[in-house]
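Going line by line, the protein sequences match chains A and B.
Heads up: the first sequence begins at 1 in this note's numbering, then just goes up one per residue.
Heads up: the second sequence begins at 401 in this note's numbering, then just goes up one per residue.
For reference, the structure discussed in these notes is given below.
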Amino acid sequence: MAENNIKVMAASGDQMVAEAFRQANPDVLPVYPITPQTIIVEEFDRFVAEGRIHTEFVPVESEHSAMAAAIGASAAGARTITATASQGLAYMWEELYVAAGMRLPIVMANANRALSAPINIHGDHSDIMGCRDSGWIMLFAENAQEAYDDTLISFRVAEHPDVMLPVATTLDGFITSHALDRAELMDDEVVAKFVGEYKPERSLLDTDDPVSYGMFANLGNFYMENKLAQRKAMDASMKVLQEVGDEWEQISGRPFEMVKTFGMEDAERVIVVIGSSIGNARHVARILRERGEKVGVVGLRVFRPFPAEQLVNALKGAKAVAILDRTESFGGEGGPLWAETVAALTKAGVDVPCRNYIYGLGGADVTVELLEGIYEDLKELPAQAAKHEIPAVAYRGNRS
Amino acid sequence: MSWDISGYEKWTWDEIPLGAMTLEGGTGVEHKTGDWRVKRPVWDKEKCKNCLFCWVYCPDNCCEAKDETMVGIDYEHCKGCGVCAQVCPFDAIHMMGEKDARAEEEGEH
Ligand code: SF4
Ligand code: SF4
Numbered sequence: 001m002a003e004n005n006i007k008v009m010a011a012s013g014d015q016m017v018a019e020a021f022r023q024a025n026p027d028v029l030p031v032y033p034i035t036p037q038t039i040i041v042e043e044f045d046r047f048v049a050e051g052r053i054h055t056e057f058v059p060v061e062s063e064h065s066a067m068a069a070a071i072g073a074s075a076a077g078a079r080t081i082t083a084t085a086s087q088g089l090a091y092m093w094e095e096l097y098v099a100a101g102m103r104l105p106i107v108m109a110n111a112n113r114a115l116s117a118p119i120n121i122h123g124d125h126s127d128i129m130g131c132r133d134s135g136w137i138m139l140f141a142e143n144a145q146e147a148y149d150d151t152l153i154s155f156r157v158a159e160h161p162d163v164m165l166p167v168a169t170t171l172d173g174f175i176t177s178h179a180l181d182r183a184e185l186m187d188d189e190v191v192a193k194f195v196g197e198y199k200p201e202r203s204l205l206d207t208d209d210p211v212s213y214g215m216f217a218n219l220g221n222f223y224m225e226n227k228l229a230q231r232k233a234m235d236a237s238m239k240v241l242q243e244v245g246d247e248w249e250q251i252s253g254r255p256f257e258m259v260k261t262f263g264m265e266d267a268e269r270v271i272v273v274i275g276s277s278i279g280n281a282r283h284v285a286r287i288l289r290e291r292g293e294k295v296g297v298v299g300l301r302v303f304r305p306f307p308a309e310q311l312v313n314a315l316k317g318a319k320a321v322a323i324l325d326r327t328e329s330f331g332g333e334g335g336p337l338w339a340e341t342v343a344a345l346t347k348a349g350v351d352v353p354c355r356n357y358i359y360g361l362g363g364a365d366v367t368v369e370l371l372e373g374i375y376e377d378l379k380e381l382p383a384q385a386a387k388h389e390i391p392a393v394a395y396r397g398n399r400s
Numbered sequence: 401m402s403w404d405i406s407g408y409e410k411w412t413w414d415e416i417p418l419g420a421m422t423l424e425g426g427t428g429v430e431h432k433t434g435d436w437r438v439k440r441p442v443w444d445k446e447k448c449k450n451c452l453f454c455w456v457y458c459p460d461n462c463c464e465a466k467d468e469t470m471v472g473i474d475y476e477h478c479k480g481c482g483v484c485a486q487v488c489p490f491d492a493i494h495m496m497g498e499k500d501a502r503a504e505e506e507g508e509h
């Protein structure tokens with residue numbers, strides 16, 4: 001095994017994703033730049049220009065074309081990547097389903113960003129949560145290091161024969177995509193060995209053994225069976241994710257936990273959160289715990305497949321739970337993280353009062369006071385629940 | 401077809417090909433789409449100059465050519481979209497109602 005020359009970088013999450021993409025040695029990158037994903041594209045373009053990598057870099061005219069080209073390239077048997085954000089991801093929407101339905105192991109980075117209107121270039125989860133039913137595996141990095149690790153893990157999971165699904169490896173716009181962070185870059189050879197080579201079973205360009213993808217499956221013609229196969233593959237990806245993550249831990253020394261916990265050995269009041277805000281919540285919980293308050297954090301790194309079992313286990317001792325969504329689901333009972341968490345708890349028969357908060361939309365600040373306020377609210381929640389008076393979904397961080 | 405699909409009606413989710421693949425090329429030949437047609441393109445050999453515009457434009461590969469010469473229309477697969485009639489620069493293809501065309505055919509027999 002090659003020597004693992006670890007390089008400690010002061011790098012943004014976007015830079016680290018670009019490095020991971022370079023090290024995975026993809027065949028094709030069709031891409032359209034959009035803030036805050038742009039650095040990924042610029043960096044990767046530089047690697048190509050410098051001759052450090054021989055990926056076919058296809059600067060397309062829109063994100064719709066980017067995903068169309070990615071689908072074509074992947075069906076042809078190429079290891080295919082792309083990257084986008086916000087309106088770009090929204091513009092790809094119909095094709096996200098095509099990529100998943102055709103079982104194409106595309107790896108796409110998304111720098112999570114708000115959606116218009118009003119126009120806003122900053123971080124939230126409106127874009128990525130909008131495609132949570134598209135059949136893509138979805139990973140959420142907390143920081144630049146996780147963005148790098150998740151991206152490398154993604155290739156192995158996507159291309160695994162039991163999975164064969166596209167993966168969105170995501171990082172929060174600006175907070176993670178642009179802010180400089182400490183991150184370790186592993187040795188090129190070590191990563192190459194870990195990621196391995198992609199050997200597709202079939203190729204659209206193989207004229208000796210011709211195939212067509214995504215054929216007509218109308219009434220009674222296997223549409224249900226194809227969808228069930230996707231669900232089974234998504235279920236199977238849970239085990240593969242953990243296996244590949246554990247293997248990466250052996251190399252990197254960093255554990256891959258789908259559900260990260262802080263203070264949960266005795267926490268009664270808990271914040272459930274996803275993305276970069278896990279760090280903010282941990283910081284606030286640490287301050288409060290130093291004052292003797294029994295608070296904790298449960299952070300998710302994986303949203304699809306939803307790690308229900310680990311999440312429920314983490315929340316078993318909780319007395320009051322705040323679930324934080326960085327996106328809206330207008331008119332719904334709560335945001336997507338809330339809905340999934342409550343469903344998982346209900347299914348497992350865990351009876352703990354949960355309250356949903358919408359925060360940080362359009363990059364709105366996630367302050368110490370905001371999170372302290374939520375922990376403070378939770379003191380009232382068990383009594384409110386006993387009277388069947390859990391307050392409706394509430395906004396935090398807005399002017400009121 | 402060389403791809404064995406016997407008993408396919410009973411295939412379950414783990415027996416169907418991954419990604420709704422068809423594991424063989426040219427299977428469209430077996431799928432006769434000609435009965436979708438409402439209007440039929442009728443080719444006039446006398447007017448035709450073999451420019452092969454129709455052959456290039458037909459979205460269903462139904463304008464048949466051999467040795468750079470137009471030979472006719474494949475009615476088993478032609479869906480009657482009328483593109484060939486539109487693009488023909490010499491009015492060598494006109495569209496007629498499929499019903500009328502069939503009645504005419506029957507009359508001839
Ligand atoms: S376009 Fe008209 S003239 Fe040209 S080959 Fe076809 S039928 Fe003949
Ligand atoms: S009508 Fe349409 S499908 Fe039929 S031959 Fe003409 S172009 Fe082709």
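Glycine residues also receive a C-beta, built at the ideal position from the N, C-alpha and C atoms.
Among the options, nearest to residue i - alpha-carbon criterion
i, options, result
"A/I71", "A/I40, A/P30, A/A267, A/G253", "A/P30"
"A/G245", "A/R301, A/I278, A/A76", "A/R301"
"A/P391", "A/G373, A/L371, A/N356", "A/N356"
"B/V429", "B/D404, B/D474, B/R440, B/C448", "B/D474"
"A/N112", "A/F256, A/P166, A/F57, A/T176", "A/T176"
"A/M129", "A/G13, A/E380, A/F330", "A/F330"
"A/V259", "A/E309, A/N280, A/F222, A/R289", "A/E309"
"A/K227", "B/D404, B/P417, B/G407", "B/P417"
"A/A168", "A/F140, A/S12, A/Y97, A/M102", "A/F140"
"A/A320", "A/E290, A/A383, A/L311", "A/A383"
"A/Y375", "A/L361, A/V190, A/C354, A/A386", "A/C354"
"A/A322", "A/F47, A/P59, A/V393", "A/V393"
"A/R326", "A/A318, A/G332, A/P336, A/R46", "A/P336"
"A/F222", "B/Y408, B/S402, B/D404, B/W403", "B/Y408"
"A/M108", "A/A318, A/W136, A/V48, A/S252", "A/W136"
"A/S237", "A/M138, A/A339, A/A18, A/A344", "A/M138"
"A/Q37", "A/G101, A/F174, A/F303, A/A318", "A/F174"
"A/Q250", "A/M9, A/V191, A/E265", "A/V191"
Residue i: CB within 7 Å of a non-hydrogen atom of ligand 2
i, result
"B/V483", "yes"
Contact check, residue i vs residue j, beta carbons under 8 Å
i, j, result
"B/W443", "B/A492", "yes"
"A/I6", "A/T84", "no"
"B/T422", "B/H477", "no"
"A/V195", "A/L152", "yes"
"A/Y32", "A/S62", "yes"
"A/T80", "A/D27", "yes"
"A/L104", "A/A144", "no"
"A/D133", "A/L89", "no"
"B/V512", "B/E464", "A question about residue 512 of chain B goes unanswered here, because the residues of chain B that appear run from 401 up to 509."
"B/W413", "A/K232", "yes"
"A/A69", "A/P166", "no"
"A/G292", "A/F262", "no"
"A/Q87", "A/S116", "yes"
"A/A18", "A/A183", "no"
"A/R396", "A/L370", "yes"
"A/G334", "A/H125", "no"
"A/A344", "A/V366", "no"
Any non-hydrogen atom of ligand 1 within 7 Å of residue i CB
i, result
"A/A70", "no"
"B/M470", "yes"
"B/C451", "yes"
"B/I473", "no"
"B/C462", "no"
"B/V442", "no"
"B/V487", "yes"
"B/C478", "no"
"B/C458", "no"
"B/C448", "yes"
"B/A492", "yes"
"A/C131", "no"
Rounded distance between the beta-carbons of residue j and residue i, thought under 8 Å
i, j, result
"A/A285", "A/V298", "With a Cβ gap of about 10 Å, A/A285 and A/V298 do not count as contacting."
"B/C458", "B/V483", "6 Å"
"A/L205", "A/Y213", "With a Cβ gap of about 12 Å, A/L205 and A/Y213 do not count as contacting."
"A/L171", "A/G13", "4 Å"
"A/I402", "A/E372", "No information on residue 402 of chain A is available, as it lies outside the stretch 1 to 400 that chain A covers here."
"A/I39", "A/Q15", "6 Å"
"A/A417", "A/G362", "Chain A is shown only over 1 to 400; residue 417 of chain A falls outside these bounds and no answer can be derived."
"B/C481", "B/C454", "The pair is not a contact, with the Cβ atoms about 11 Å apart (cut-off 8 Å)."
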